[in-house]
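If you read the sequences in order, they're chains A and B. Sequential numbering from 1 applies to the first sequence in the numbering used here. Sequential numbering from 266 applies to the second sequence in the numbering used here. In this text, a Cβ means the ideal position worked out from N, Cα and C, and glycines have one as well. Encoded as structure tokens, the structure appears first; notes follow it.
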Amino acid sequence: MRPFCKIDHVDKVFTRGSTSTRVLKDITFEVTKGEYVSLIGHSGCGKSTLLNIVAGLTNATTGGVLIDGVEVNEPGPDRAVVFQNHSLLPWLTVYENVRLAVDKVFGKGKSRAERDEWTLHNLELVQMTHARDKRPSEVSGGMKQRVGIARALAMEPKVLLLDEPFGALDALTRARLQDTVMALHQKLGNTVMMITHDVDEAVLLSDRIIMMTNGPDAEIGEILTMPMARPRKRLELVSDAAFLACRQRVLEFLYERHRFVEAAA
Amino acid sequence: MNMPLAKSDMSASIPAAPAAPATAKVLALPSRQTPFNARMLAALGRFATAVLPPLVMLLLLLTVWEILCSRPGATLPAPSKIWTEAHDLIVDPFFRNGPQDIGLGWRVLISLQRVAIGYGFAALIGIALGTLIGQSVWAMRGLDPIFQVLRTISPLAWLPISLAAFRDSQPSAIFVIFITAVWPIIINTAVGIRNIPQDYRNVAAVLKLNHLEFFYKIMIPSAAPYIFTGLRIGIGLSWLAIVAAEMLTGGVGIGFFICDAWNSLRLPYIVVALVYIGVIGFVLDRLVAAIAGIITRGTSVS
């Protein structure tokens, strides 16, 4: 079976004036359909750049990305992004924010009533129907991120890209949102690529964790497969041997072998 | 410094917690509907705090003015003299005694009509040009220096040129309004467009919005607070300019009325006209601010 999503020898060089910095070096990995993959690494290691390359918001210097056999060279709704700071349009209501995406993606394929229904269905998935007529400034940070997820899901993307989706949230809200994302992944079977620098989050949610070395010249340091069965329960995993071993492994990678060196930045 | 105090407070309150067993007692909640009288009183209070202070100041100023200008040899008319001499002008703004003898209300309306046309063009062209400059680096490099020079030219300096070009006072006055109001609209729109957050651009890119959709779904709403700042400055400037332009071009506007009153030395009329101009300018500013408030609600907070 051919890989669903293939990141093929991606290099990214930023040039400013006469100095050029290679941020990403020879990144190659594959993601199968329905898999949940996390990218983890210290800040500045280029994981956001990599996600932007997959999203098509940035171009790779060499190498490329194939999604379902098609090369990525521009952004599109088949690779919906959930941005770290939600990026909802503040002048639209919760419903209108999702509806904008639905209208744009399914404007030709679905009738008006179907699009309305699909918008509400996606708000329902993230439990946000109660706030459909509120504006983003009127709901909490966690709710904004839920709407961001609903907007991305509503595009029915081939790959869902999450750019530190829970980074700006407090710990309790983050845990609840992680559970929501886990449940959605279980239910819908999306292929997900997520950036994070939270070790627990990566181990809890992912099938595989791609650990990146420090930049510049960041590359894949190690790829770890999480063997725990799904559905996973946060509380049960706390004492699960496999979970603890994976967690230990990632922590060792990040804080011993590739400790963040301030001087390098 | 407060620590010891806080600590002793804590230790004092902890043992107090498991107090006597709670006994349930039904309390009548106060009716949510506040009595009509109280609401009226509150509204009256708000009205008083907003209206009374300026009213008192106004009376004070009028008194000082009255005293200063009642002396023999005073060059300017006192309020009482204005009231008696310009009485029919003040009490009836909409009289018509002949083609040149009409109420100030009509004159203001004629001036407002000119402003509406000139300002309307300024808004349309200003937003369009501002969008262009904000969106395209080359348009900005080419046009921005020229605009920065042109915008410093006094509105009235354009009048001879426009009179020569249009050969009529009506379009010339409108052109002066346009050229006065257009610069702040262009510049503020451009700043607003340039300040569209990258996030919104990313969202638009992922959704594959085309140029037109990007323009009216992202750009205009996102830049709306800036655009309305420009529009608000523009309306103020155009109201300033119309009076000056009409004093020079003639016609029947409020500016020409002042010029005419000056030529026949009817100072009370001029004072009444000044009050009209000030009030209308204030109303125009508030009007644009109110429209901005309605349209941009929710936009400023992200």
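- Its chain contains 23, 44, 45 and 46 as the residues whose beta carbon lies nearer than 6 Å to that of residue 215 of chain A, once the 5 sequence neighbours on both sides are disregarded; these appear in chain order.
- Counting other Cβ atoms within 10 Å of its Cβ, residue 403 of chain B stays below 16 and is therefore classed as exposed.
- Residue 460 of chain B places its beta carbon 9 Å or farther from that of residue 495 of chain B.
- Residue 97 of chain A counts as buried, since at least 16 other C-beta atoms from the protein chains shown sit within 10 angstroms of its C-beta.
- At a Cβ-Cβ threshold of 9 Å, residue 514 of chain B and residue 394 of chain B do not count as neighbours.
- Residue state for residue 12 of chain A is assigned as strand, using DSSP reduced to three classes.
- In the three-state reduction of the DSSP assignment, residue 208 of chain A falls in the strand class.
- If you compare the alpha carbons of B/351, B/333, B/375 and B/530 with that of residue 504 of chain B, the shortest gap goes to B/375.
- Annotation: residue 118 of chain A has no Cβ neighbours in chain B at a cutoff of 9 Å; minimum Cβ distance is about 15 Å.
- Proximity of chain B to residue 110 of chain A at the Cβ level (cut-off 8 Å) is not reached, the minimal Cβ distance being about 16 Å.
- In the three-state scheme derived from DSSP, where H, G and I count as helix and E and B as strand, residue 71 of chain A is classed as strand.
- Comparing alpha carbon positions, the residue from A/78, A/167 and A/90 closest to residue 154 of chain A is A/78.
- Short of 8 Å from the beta carbon of residue 471 of chain B, and not among the five residues preceding or following it, lies no beta carbon of its own chain.
- Beyond the five residues adjoining it in sequence on each side, residue 488 of chain B comes within less than 7 Å, by CB distance, of 454, 457, 458 and 461 in the same chain, given in chain order.
- Under the 9 Å criterion on CB atoms, residue 128 of chain A is classed as non-interfacial with respect to chain B.
- In the structure shown, residue 193 of chain A falls within a strand segment according to DSSP collapsed to helix, strand and coil.
- C-alpha of residue 233 of chain A to C-alpha of residue 108 of chain A: approximately 40 Å in a straight line.
- Contact check for residue 88 of chain A and residue 136 of chain A: beta-carbon distance about 4 Å, within the 8 Å limit, so the pair qualifies.
- By the criterion of a C-beta distance shorter than 6 Å, residue 149 of chain A is surrounded in its chain by 82 and 126, once the five residues flanking it on both sides are discounted.
- Runs of the alpha helix (DSSP H) spanning 4 or more residues and lying entirely within the segment 149-198 of chain A occur at 171-188, in chain order.
- Segment contact: the segment 5-22 of chain A against the segment 161-169 of chain A, fewer than three CB-CB distances shorter than 8 Å; contact not assigned.
- For residue 470 of chain B, the residues of chain A that pass the 9 Å Cβ criterion are 55, 56, 57, 74, 75 and 76, in the order they occur in the chain.
- Straight through space, the alpha carbons of residue 529 of chain B and residue 521 of chain B are spaced by roughly 12 Å.
- Straight-line measurement puts the Cα of residue 398 of chain B at about 7 Å from the Cα of residue 409 of chain B.
- Taking a 10 Å sphere around the C-beta of residue 230 of chain A, we find fewer than 16 other C-beta atoms and assign the residue as exposed.
- At a Cβ-Cβ threshold of 9 Å, residue 372 of chain B and residue 543 of chain B do not count as neighbours.
- Under DSSP, residue 29 of chain A shares a beta bridge with A/7.
- According to the DSSP assignment, residue 385 of chain B belongs to the alpha helix (DSSP H) that extends over 369-400.
- Cβ-Cβ distances below 8 Å link residue 106 of chain A to 114, 115 and 118 in the same chain, with the five nearest sequence neighbours on each side left out; the list follows chain order.
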